[in-house]
Each structure stands twice: as structure tokens, then as C-alpha cells.
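Read the structure below first, then the notes.
Residue numbers (UniProt numbering), protein chains in the order written: chain A, 1 to 321; chain B, 1 to 348.
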């Protein structure tokens, strides 16, 4: 198991390195663009230009340039935004990370709990009225886009019913974890909005998996052993159905932390990674884009490595593969 | 015959389908006395497995209708509340299935799955259950059971998995073991070992119902034989009687189609002409009539199981005159051989 985990992390590191090279090549080795001119800013005098060129090694061979760029980005952390002069890339990302993590982790807890409950219940009640009803709720959740749902939620909680039912809802925005109560209150509706979509997807997927598992031979064996229906459902059918769900969760979670929660962040005014990336893209702010892409890659790769290890815990057959 | 352990009366299992009701088991009755091995034989689709699944109420499909009586120690299992039925399953009647490759949950160790069965029926500690699991595994012939108990099903070979499944079945000392083609998916040497295991279990006092389509297996191990065709009993009797004096034309066909080691070599192995009857279109009369070389007008009427002259325990469902069966069997055999020879000549 430990061996497997180490191997998995080594390959994750390799992927990270490959992505950083790729990002570097796309942004700074593109012919026809002089990065020095952009880093030095508009109307820079030739002396400054030369100094930047030297500092970033732009007159040196490609591998050296890559190393210097990574040093400026990650070690010295003095790589600055092209657009907002003076604001450094890494601190911006560090500031945005807890916002996104708060949003995604909270939503993930909600959608996994709701998805597993709904999917298992629907599978256990298949053939009865509750099954299509639960699945219908799931479809509705999947079909509502986050930006629309978020706007409606804001409209209702901030305006229409703010005077009566939702008077306790704080204005949109982010409050740090230093005030846990306020933090949770501010995040509640963003969480629910983001979770609704994924809960629907996971519930539908899990229902299919559990229904398939309930038809497997090992479930018949379990029944012949005289186990209770509940134990058969949870310990045998659901337990085996969780394996594919976990791999999907890894992909979704990584992507969301990496910035895919953009729409939810924008709608609820949360200054997270998605928002940061979006703004950087609009202004072609290359250093910030590079920073956020690397950050996103880091989380996607990390989440996948963790999921693979969890997968091996869940499925003994994967440990030796 | 002593008071039977399992007494199945007029069991019917039918499936509701889009095209109408399909009858898989049609008025089957049989009994298993304590300590006996009953071999249930028949082709695929003859209703062997379905009837046994119905006995344990393991058919969960809501489109399946089961009727009749399944008396186990005097209680009708089909009328038992679900929780009492659960207490019977695994503890009093255990079942082993055909394919050991998929019969175990892949994510738990073999020992865990044996212990789960023990703890479902007895109040014992996790540790004690685990120790019992080791014991059971070594009983069913798994070497180095103390360490193999922590292996996962995928780390076991097919034969070992079937042993593990049998270990689960034996864990609560059931009075009756139903084994549904336990050796079909295994190679021949392993088959023999599994059959030995069944015999040992039987020697410890459990009755066994062994479902198979392998006449060889039945001839080795069964005390009594039940031959099924089209969801009905075609013939039933003590093993010797059925193998040495088979009475139903279907049984003749089954026995003749087993290759023989001694005697002159046959040019072609005899087969039963035609295809097995489909449960969707069971004939009104004898189910085997469409494939039978000796059918006559009476076969349009459904025959009941009845004893031949001077053989109370050996019963069959056939309209042919009871006392000339052996001679009739010879005529069908020569007729079959003749037809086969003609076929062969025509082909060459």
C-alpha cells in the first residue's frame, strides 16, 4: 500500500513538471512576442529592458529560461502581473485559494452526502413511485445552470424575501475562517447552488451502479447467507458501487478547485481562483495565467493521486495493477 | 421413508413477461429426508435452479410468481415472514452457486465474508468468528488457511473460491445444503475434490440437494435422483434404480448420451433429438412428447408421477406400459442408431 502511494506521488510530480514546461513553452516561447518588453512595461528604457532580459535569462538557452522563470514564480515569488503593475502573482493566488477551497470542499461534502443518499434510496426503492421521483429531482438539479440558479437565489434571498424569510442571509462576499459562523453563513447558498448540480449527476450515476450491483451473483450469495436487506444494500451493493463514483469525484473535485467553480464564484461575488483566472484571461495577463494554470494543474494532479490511493483502498484488485 | 426434512408440494414458478406468462416450474413435488443426497438432473432450462432458488425465496424479481408449499421441518417457507426466512437462510439451509468467480464480494477478504455469515446468525465476537473462518477454510482443504483467510477473492483460483463459498455455506452447520451446479465451472480434478467435500459434509449429517446436468456426478454421489424436464419431474427414484432401470424416455436419452469408457466405440454419441422445450410454450400433455420417439395419443394428456410395478420408490411420469420399458428402450436405441447411420451415409 505504501509502495503504491509513493509510486503514485512520483508519477504525479512528473505530470506537474510536464505541465509547467508546457505552460512555459506556450506563453513565453511563442515566436513574435517579446516577453521582456511586456515584463518591463510600456515605455521602458533600453537599460531596464536589458536588465529584465538578463534577469529572466531571455538571452539564454530555453532550459535555463525555464528554470529562471520557475525561480521567479515559485522561489523568489517576484513575478508580477502584466496588467496590475506591482501586484505579484503568487500572493494573489494564495489569497484566492481559501475562498475556492471553502466553496468546493463544502459543496463536495453536501453533494456526496445528498448524491449517495438519493442514489442508494432510488436503487433500493426501484419499481416504486419514489424511484422516478428522486431521479426527477436529480434531473432538475443537473439541468439548472449555476449562474442562473445563483442569480435566482440571490434575487430571492437578497431582495424579494430579504425583508421576511431570508433576513438572516448576509450580503454576497467572502468572510475568512477567522469567523467560522459568518464564514458558513456566507458560504451556505454558494455551497447549495454548486452542490445541486453535482448531487443530481452523482445520484443518477450511483443509482445505476447500485442497481447493477444488486443483480450481481455476490448479492445473491449475501442473501443466501441470511443477511438483512439493509446490510446487503449498504455493505455489499453500495460498497462496490462507490468505486467508480470515487474516481469521478476525484476528477470533478480537482477541476473545481482548479477554477471550474468560476460561475458560482462570479455570481456570489467570491474572489476565488476561477474569478482570478477569468480576469487574467480577459487581460491576457500571462504571468497570472501561468500561475493559475500551474495551480489548477497542481490540484487536479493532487486530487487524482489521492483518488487513486483511495481507489486502491476501496478496491483490493487495483492494488497490484 | 422417514419424516422428510424438506417437502416441496406442487411448486409453481412463473415469470410475467411482455409476451405472456412463462412457466419455469410447473407443479413440482419432491422430498428430501434428513441426511440424504438428492441429485437433481436435467438439461439447461428444465427448471432445476429456479425451483431451488424459489425454495429459498431468493428470486426477488417482482414479476415472478411462486406458489405451492415448501415445508421445511414442517414450516412452510413460502409463508414465513421475511425475518424468520432470513434466519433459515444460511443457518438451516445453505446454498452454493454455480459460478465461484462472481459469487464472492470482490472488496472483502474471504475470511471477512465467512465471519459475516457466522455473525449474522450467532452472537460471537469478531475474533471468535475469524478463528472459526480459519478452521472452516482448512476443513474445506485450503492449505495455509491462517494466512489465506486474509486474501481477497481475486487472489484465489476458481477451485479455491468454490471451496471458500462452501466454507461459508458450512459455517453454521446447515441441515440442508443446496448446491447449484457447484462443479460446472471447475476442471475435472477440482470437481472430484469438491464432490468429496459434499460427501464429507453429508457424512456429518447434512442433507444435500445437488443440482447438475452431469449424469456422471450424480452417479457418483447421489442417494436418490430426480430427473426434471420442462419444469416438471420426469422420473424420480433411488440412484441404482434410475441408473440401472431408467423408466422415462427422457432419462434414457440422458443416460445414452454419456460417453462410455468400455464396450465398442460408437460412431457417434447418441443425442436427444430436437431442442429443449421452451418454458413459454409448454405442451398441455407430456412436456417431453414433442421429442419422444415413442409418443402416442395418450401423451396429449399430462402424465402424473406414478410408481412402476413392484417399485414403490421409483416413480416416473410416462404413459408407456409399465412392464415393457426395458424392451422399448432397446427399440429406441436401435432406431436412433439406424437413423444416425443413415444420416452418416447420406452425408458421405
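Idealized CB from N, CA, C, for every residue including glycine.
- In the structure shown, residue 303 of chain B adopts coil according to DSSP, grouped into three states.
- Look at residue 229 of chain B: its C-beta is not under 8 Å from any C-beta on chain A.
- A Cβ of chain A is located within less than 8 Å of the beta carbon of residue 86 of chain B.
- By the Cβ neighbour-count rule, residue 288 of chain A is buried, with 16 or more other Cβ atoms within 10 Å of its own.
- Neighbourhood of residue 116 of chain B in chain A, by CB distance below 9 Å: 222, 225, 227, 231 and 235, in chain order.
- In terms of beta-carbon proximity, residue 99 of chain B lines the interface with chain A, with at least one pair separated by less than 8 Å.
- At least 8 Å separates the beta-carbon of residue 208 of chain A from that of residue 139 of chain A.
- The three-state secondary structure of residue 270 of chain B, taken from DSSP, is coil.
- Taking 8 Å as the threshold, the shortest C-beta distance from residue 314 of chain A to chain B falls below it.
- In the three-state DSSP reduction, residue 276 of chain B falls in the coil class, being neither helix nor strand.
- By the neighbour-count definition (other C-beta atoms within 10 Å, threshold 16), residue 304 of chain A is a buried residue.
- Residue state for residue 104 of chain B is assigned as coil, using DSSP reduced to three classes.
- Looking at the backbone, the Cα of residue 65 of chain A and that of residue 56 of chain A are separated by about 6 Å.
- Beyond the five residues adjoining it in sequence on each side, residue 207 of chain B comes within less than 8 Å, by CB distance, of 5, 6, 32, 33, 34, 35, 36, 37, 38, 175, 176 and 177 in the same chain, given in chain order.
- Interface flag for residue 102 of chain B against chain A is set, since a Cβ pair is found closer than 8 Å.
- Taking the Cα of residue 282 of chain B as reference, the smallest distance to any Cα among B:268, B:302 and B:78 is reached at B:302.
- Secondary structure of residue 243 of chain A (DSSP, three-state): helix.
- Counting along the chain, the unbroken beta strand (DSSP E) around residue 8 of chain B starts and ends at 6 to 17.
- Listed along chain A is no residue with a C-beta nearer than 7 Å to that of residue 78 of chain B; the closest approach is about 16 Å.
- Per DSSP, the continuous alpha helix (DSSP H) segment holding residue 299 of chain A begins and ends at 286 to 314.
- In this structure, the CA atom of residue 86 of chain A is about 25 Å from the CA atom of residue 175 of chain A.
- Against chain B, a Cβ distance below 8 Å from residue 217 of chain A picks out 97, 99, 102 and 103.
- Residue 124 of chain A sits buried, since 16 or more C-beta atoms from the chains shown fall within 10 Å of its C-beta.
- Two segments are said to touch when three or more pairs of C-beta atoms, one from each, lie closer than 8 Å; by this definition the region 228 to 238 of chain A does not touch the region 93 to 101 of chain B.
- Its chain contains 208 as the residues whose beta carbon lies nearer than 6 Å to that of residue 198 of chain B, once the 5 sequence neighbours on both sides are disregarded; these appear in chain order.
- With a cut-off of 8 Å on Cβ pairs, the region 12 to 25 of chain B is not in contact with the region 188 to 198 of chain B, counting fewer than three such pairs.
- Secondary structure at residue 212 of chain B: strand, using DSSP grouped into helix, strand and coil.
- The beta carbon of residue 187 of chain A lies closer than 6 Å to those of 102 and 106 in the same chain, with the five residues before and after it left out.
- Shown here for residue 90 of chain B: same chain residues with a beta carbon closer than 7 Å to its own, the five before and five after excluded, namely 117, 120, 121 and 172 in chain order.
- Under the 8 Å criterion on CB atoms, residue 208 of chain B is classed as non-interfacial with respect to chain A.
- Under the Cβ criterion of 8 Å, residue 119 of chain A is not counted among the residues facing chain B.
- At least 8 Å separates the CB of residue 207 of chain A from every CB of chain B.
- Between residue 106 of chain B and residue 317 of chain A, the C-beta spacing is below 8 Å.
- In this structure the region 157 to 166 of chain B lies against the region 121 to 140 of chain B, because at least three pairs of beta carbons, one per stretch, are closer than 8 Å.
- By the Cβ criterion, the region 62 to 77 of chain B is not in contact with the region 248 to 255 of chain B, since fewer than three pairs of Cβ atoms, one from each stretch, lie closer than 8 Å.
- DSSP places residue 237 of chain B within a strand segment (E or B) once states are collapsed to three.
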